[in-house]
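Heads up, the thing below is written out as structure tokens.
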Amino acid sequence: MEKIEITVVGAGVVGLAVALELSKDHKDIYIIEAEDSFGRSTSSRNSEVIHAGIYYPKDSLKARTCTEGRRLLYDFCAENQVAYRKTGKLIVAVNDAEAKDLAGLLRNGRDNGVDDLKLLSREQIKELEPNIQAKAAIFSPSTGIVDSHGLMKTLAVQFAANNGSLVYNTRLTGIDKVSDGYYVTVEDKSGEVFKFFTRIFINSTGLNADKISALAGLSKDEYKLKYCKGDYIRVHSSKAKLINRLIYPVPKRAGAGLGIHATLDLAGGLRLGPDDEYVQNINYDVDPAKAGIFYESIRDFLPFIDLTDLSPDMAGIRPKLQGPGEGFRDFIIKEESQNGFPGFINLIGIESPGLTGALSIAGIVGKLIK
Ligand SMILES: Cc1cc2nc3c(=O)[nH]c(=O)nc-3n(C[C@H](O)[C@H](O)[C@H](O)COP(=O)(O)OP(=O)(O)OC[C@H]3O[C@@H](n4cnc5c(N)ncnc54)[C@H](O)[C@@H]3O)c2cc1C
């Protein structure tokens, strides 16, 4: 039977970043991916925002990987000609109650080491963004956007240059623990089944991560993922140049999404969303009725957008550990020796800011393996 040193399952942005990091010190690394290319799942269905790290509880993995990952990501993009833009972002308050909430967010961001945040008055907001309506705002200059496809392509190319092997169209179907590693069973698109041995197994399968862990015999209640869909609505191109930065509302509830916001893309487009709706199945259709709902939630702070400017765009699904109405849950980034699975690394619940934090998550996995 073929023996492999390290197997990473899942070629999303996190699996690619982890594999590239490990390929700097280790030989004989495989990425196994069910789809016909990288990033066919959540990694290409997101806002492509490089988050600053304002919202997450201090010292959480989400906070740490976001602030560190953001710096690493800007450097990586600059060094490797991956397109990005440090757009900056405003979190806008439209009434007194929300203006009060900004103080808590500002404190939280600064506690997380986001040291460039500024509180803006109505007049200062008007200077930056004449077309939006707000009483007060937090300005985050280090928030930006990135070409996620370009990023993943560069990670994949560099991994291959380090002699890593990326195997597409191949689904993991079984994993059995043996004394010094794992027997891995995979099936290709034609139905042919292969079995090989790996010493280290990295589960980076996004929406499937709890099931893949359970497949190995490591099933835990706290690993159970819930699917939380985020729909996007496109704003007509004639309005896309009316803001210069990403515009977010003050988040309404802890643990859910960040509220319907306006994000720019590198092609010059403007989108609203994503919302947060728990779903049972993976279905990326966008309900056209969402246009009206989104319009109601943004009209106070984005008054230049009319309902007739809006049309359904795309959707993504978050692999969430917290269920509806539950409090904060952190990323699970764990070497599972304690649970009797040495050399088995679980990456579970890698929702936002997983794109921003990917290079930092990769560094953590590198240390776990050492
Ligand atoms: C609506 C939305 C908006 C977001 N916005 C942002 C944002 O602006 N900024 C940010 O930082 N983050 C954002 N995120 C989060 C970010 O997109 C994710 O954290 C990140 O893409 C996760 O990457 P991943 O590699 O872990 O997972 P994925 O991209 O899901 O990759 C997992 C891979 O595993 C493969 N796989 C699964 N099962 C198997 C199997 N059995 N065998 C082989 N392969 C398998 C899949 O095909 C897939 O390619 C957002 C997420 C959503 C849903």
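Just so we're aligned: the sequence shown equals residues 3 to 372 in my numbering.
All residues carry an ideal CB built from backbone N, CA and C; glycine is no exception.
When secondary structure is reduced to three states using DSSP, lysine 243 falls in the helix class.
Boundaries for glutamate 7: no alpha helix (DSSP H) harbours it, while the beta strand (DSSP E) harbouring it runs 5-11, taken from the DSSP string. With a cutoff of 7 Å, leucine 357 counts as near ligand 1, since its C-beta is closer than that to a heavy atom of the ligand. The closest CA to that of isoleucine 140, considering only Met154, Arg109 and Glu7, is found on Arg109. When rounded, the separation of the alpha-carbon atoms in lysine 254 and glutamine 160 is 41 Å. One thing to note: glycine 365 has its Cβ no nearer than 8 Å to the Cβ of threonine 207. In this structure, glutamate 131 lies away from glycine 368, with their beta-carbon atoms at least 8 Å apart.
Between the stretch 169-179 and the stretch 322-339 there are fewer than three C-beta pairs closer than 8 Å, too few to call the two in contact. The C-beta of tyrosine 250 has 16 or more other C-beta atoms within 10 Å across all chains shown, which makes the residue buried.
In the structure shown, serine 181 falls within a coil segment according to DSSP collapsed to helix, strand and coil. Fewer than three beta-carbon pairs drawn from the stretch 27-34 and the stretch 62-74 are found closer than 8 Å, and the two stretches are therefore not classed as touching. The C-alpha of threonine 200 lies about 41 Å from the C-alpha of lysine 88. In this structure aspartate 311 is in contact with histidine 238, their Cβ atoms being roughly 4 Å apart against a cut-off of 8 Å. Counting only runs that start and end inside the stretch 133-217, the alpha helix (DSSP H) elements of at least 4 residues fall at 150-163 and 211-217. Here the stretch 3-22 makes no contact with the stretch 317-327; the two share fewer than three CB pairs at distances below 8 Å. Not one heavy atom of ligand 1 is found less than 7 Å from the C-beta of isoleucine 249. Taking C-alpha positions only, proline 314 is separated from arginine 47 by approximately 14 Å. In this structure, alanine 317 sits near tyrosine 286, with a CB-CB distance shorter than 8 Å. Note on geometry: alpha-carbon atoms of leucine 304 and serine 25 lie some 46 Å from one another. Between aspartate 212 and the set Ala54, Asp38, Gly261 and Ile350, the nearest pair of CA atoms involves Ile350.
Taking every protein chain shown into account, the CB of methionine 3 has fewer than 16 other CB atoms within 10 angstroms, so this residue is exposed. Look at serine 354: its beta carbon is less than 7 Å from one of the heavy atoms in ligand 1. The residues Val51, Thr89, Lys91, Thr145, His263, Ala264, Thr265 and Leu266, in chain order, have a CB closer than 7 Å to that of leucine 248 in the same chain once the five nearest residues on each side in sequence are set aside. Membership of threonine 265 in the beta strand (DSSP E) is indicated by the continuous run 263-266. Annotation: phenylalanine 330 to alanine 105 spans about 20 Å, alpha carbon to alpha carbon. The stretch 271-286 and the stretch 215-234 touch, with no fewer than 3 CB-CB distances between them shorter than 8 Å.
In this structure, ligand 1 has a non-hydrogen atom nearer than 7 Å to the beta-carbon of leucine 174. Excluding five sequence positions before and after phenylalanine 343, the CB atoms of its chain that fall closer than 6 Å to its own CB belong to Leu220, given in chain order.
Residue pairing by DSSP places leucine 312 opposite Val237 in a beta bridge.
Residue Arg320 holds the alpha-carbon nearest to the alpha-carbon of glutamine 282 among Asn133, Phe196 and Arg320. Counting along the chain, the unbroken alpha helix (DSSP H) around leucine 107 starts and ends at 98-113. Judged by the Cβ position, histidine 238 fails to qualify as a neighbour of ligand 1 at the 7 Å threshold, every heavy atom of the ligand being at least this far. The C-alpha of threonine 156 lies about 34 Å from the C-alpha of leucine 107. Asparagine 133 sits close to phenylalanine 306, with the two beta carbons spaced by under 8 Å.
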